[in-house]
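A.B. asks: Would you mind keeping the following structure in view while I ask a few things?
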């Protein structure tokens, strides 16, 4: 038969072990690299912190809302036209957040406007070095470049826009600016 003292010690050790074991297991999992943290964003976060002001780019749309910018290639072919159409459709798909977002085309200087329904902003040299033709960039109301999306092939335009739309909805839902 177990004495009361031994039974009390066993209960105390079991209780301490019960609370310490999860912490020990968590420490082991993290230190061994067995845990892979998940990221919910689908685009590429623009790093380091970059704003339009830092790049010397004036924008009439700063402080008016979020910008959904498409970087226009030098020649706007069928792929470019399809992407412009998808940008307009993505803007419509935002629903209640639509008023907070301004679709915009970023184009090199002296470029003819390919679409009448989307605003055009001419890029300066520093901004055009920061972004790539055919890229979609999300800019917050403070002028910070937040996320960038680059297409890989012809077939992924629709998926790229779905990913961008998903990220933009999260940003708009969680944002307190714009």
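Numbering (my numbering), first residue to last: 5 to 182. Ideal placement from N, C-alpha and C gives every residue a C-beta, glycine not left out.
Are the stretch 112-124 and the stretch 11-26 touching, with three or more C-beta to C-beta distances below 8 Å?
C.D. replies: These segments do not touch.
A.B. asks: Kindly confirm or deny that the stretch 141-150 and the stretch 82-95 touch, where touching means at least three C-beta pairs closer than 8 Å.
C.D. replies: In short, these stretches do not touch, since the Cβ pair count stays below three.
A.B. asks: Give me the Cα-Cα distance between residue 151 and residue 58, rounded to the nearest whole angstrom.
C.D. replies: By one-based count along the chain shown, residue 151 stands at place 147. By one-based count along the chain shown, residue 58 stands at place 54. Taking the straight line from one Cα to the other gives about 17 Å.
A.B. asks: Within this structure, are the beta carbons of residue 71 and residue 108 separated by less than 8 Å?
C.D. replies: For the purposes of this step, residue 71 is identified with residue 67 of the chain shown, where counting begins at 1. For the purposes of this step, residue 108 is identified with residue 104 of the chain shown, where counting begins at 1. Yes. Within cutoff.
A.B. asks: Quick check: the Cα distance between residue 73 and residue 53, rounded to an integer number of angstroms?
C.D. replies: Taking the chain shown and counting its residues from 1, the one referred to as residue 73 is at position 69. Taking the chain shown and counting its residues from 1, the one referred to as residue 53 is at position 49. Computed Cα separation, rounded: 17 Å.
A.B. asks: Among 93, 66 and 50, whose alpha-carbon lies nearest the alpha-carbon of residue 153?
C.D. replies: Translated into positions along the chain shown, residue 153 becomes position 149. Measuring from the Cα of residue 153, the nearest candidate turns out to be 50.
A.B. asks: My assumption, with CB atoms under 8 Å, is that residue 128 sits in contact with residue 60. Please give the rounded CB distance.
C.D. replies: Within the chain shown, numbered from 1, the residue matching residue 128 stands at position 124. Within the chain shown, numbered from 1, the residue matching residue 60 stands at position 56. Right, their Cβ atoms sit about 6 Å apart.
A.B. asks: Give the range of the alpha helix (DSSP H) segment to which residue 33 is assigned.
C.D. replies: Here residue 33 refers to the residue found at position 29 when the chain shown is read from its first residue. Counting along the chain, the alpha helix (DSSP H) containing residue 33 begins and ends at 8-36.
A.B. asks: Nearest to residue 132 by alpha carbon, out of 103, 146 and 112?
C.D. replies: Residue numbering aside, residue 132 sits at position 128 when the chain shown is read from its first letter. The shortest C-alpha separation from residue 132 is found at 112.
A.B. asks: Assign residue 160 to one of two classes, buried (16 or more other C-beta atoms within 10 Å of its C-beta) or exposed (fewer than that).
C.D. replies: As a position in the chain shown, residue 160 is number 156, starting the count at 1. Exposed: under 16 other Cβ atoms inside 10 Å.
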